[in-house]
Structures are given as C-alpha cells and as structure tokens.
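J.: All residue numbers in the sequence shown are consecutive under the numbering used here, ending with 358. Where a beta carbon is used, it is the ideal one built from N, C-alpha and C, also for glycine. As the structure is a computational prediction, the values presented were derived from the model and not from experiment. First the structure, which I've put down as structure tokens, then a few questions once you've had a look.
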Amino acid sequence: RGVCCIDEFDKMGADQQALLEAMEQQTVSIAKAGIVCTLPAQTTVVTAANPSKGSWDITLTLVQNLKGVMSEALLSRFDIVFLMRDEGGASADAALSRHIVRRRGGGGLPMPPPPGQRDWAAA
Numbered sequence: 236r237g238v239c240c241i242d243e244f245d246k247m248g249a250d251q252q253a254l255l256e257a258m259e260q261q262t263v264s265i266a267k268a269g270i271v272c273t274l275p276a277q278t279t280v281v282t283a284a285n286p287s288k289g290s291w292d293i294t295l296t297l298v299q300n301l302k303g304v305m306s307e308a309l310l311s312r313f314d315i316v317f318l319m320r321d322e323g324g325a326s327a328d329a330a331l332s333r334h335i336v337r338r339r340g341g342g343g344l345p346m347p348p349p350p351g352q353r354d355w356a357a358a
C-alpha cells in the first residue's frame, strides 16, 4: 500500500493506459527480458491535470473539459474529483505574490500594497 502522486497528468499521453490497469484490477504487469509477471498494486492515486483547452470552460461538463486529457474509463476509477479554478485577475495575482514574498523573503521591510489593492498580510 502506498500513494502515487502524478502532476501534469494531461501530458502523460498513452502512459495513462498502464495506470488504468492498475486502478481497475489493482495489478501491474511487467515484461522484462522475457519474464512476464503480474504484481499486486494496492495504492492511492492522486493526480493533477489541466483541462484540454488550457482553461476551464464553465459551459462544458467535467468530462467535456477533460476530453483528450483523460478517458472516461480512467476518470470513473477516481473516487473523488476536486475542481480547482483560478478566478483571480492580474491585480489579485500581484497582491498574492507580494504577500508571499513579504512572508517568505526573510528580511527587509514589508512593502505596502499599491493604493486600492488588498493587503493579503492583513487578512
């Protein structure tokens, strides 16, 4: 038992089929040097993927947004699917990055936010 974490799952291509076997039958087949064996694979799989168009289209369903990224058969093997969308604009991204730099910078005086922008450190 263990955990398998995969980032950029949308870029895996044909290698996803190997994962489908592991998730459906809970086994992994290995063929090396004329020896073929099937091993048990009981693990938790956590993946992160981008939608097929690069950004989420709210007019489409989950399956439609992931078309070409992940097959429906593979998607159905996951017990939980979380959707995370970045709805922030350029000013929110700039404010958040300033906050991170201030908190993690390790020195210097904190920079105040530009006029009219939220101070994330005060939140």
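First and last residue of the alpha helix (DSSP H) that includes S326?
T.: Note, S326: alpha helix (DSSP H), A325 to R339.
J.: Could you check how far apart the C-beta atoms of S287 and N300 are, in whole angstroms? I think they sit under 8 Å.
T.: Correct: roughly 7 Å between the Cβ atoms.
J.: Mind checking which residues open and close the beta strand (DSSP E) that includes V238?
T.: Residues V238 to I241.
J.: Assuming V298 and E307 are in contact, meaning their beta carbons sit under 8 Å apart, how far apart are those beta carbons, in whole angstroms?
T.: Right, their Cβ atoms sit about 6 Å apart.
J.: Using 8 Å as the threshold, is the C-beta distance between L274 and T282 below it?
T.: Their beta carbons are not under 8 Å apart, which means L274 does not touch T282 by this criterion.
J.: Take D245 and list the residues in its own chain whose beta-carbon comes closer than 7 Å to its own, dropping the five residues that flank it on each side.
T.: Closer than 7 Å at the Cβ level, and outside the excluded window around D245, lie A284, N285 and V304.
J.: Using the rule of at least 16 other Cβ atoms within 10 Å of the residue's Cβ for burial, across every protein chain shown, is L309 buried or exposed?
T.: Buried, by the Cβ-count rule.
J.: Taking the beta carbon of L254 as the centre, do at least 16 other beta carbons fall within 10 Å, making it buried, or is it exposed?
T.: Buried, because 16 or more other Cβ atoms sit within 10 Å of the Cβ of L254.
J.: So, with DSSP's three-state summary, where would you put K288?
T.: Three-state DSSP puts K288 in coil, outside helix and strand.
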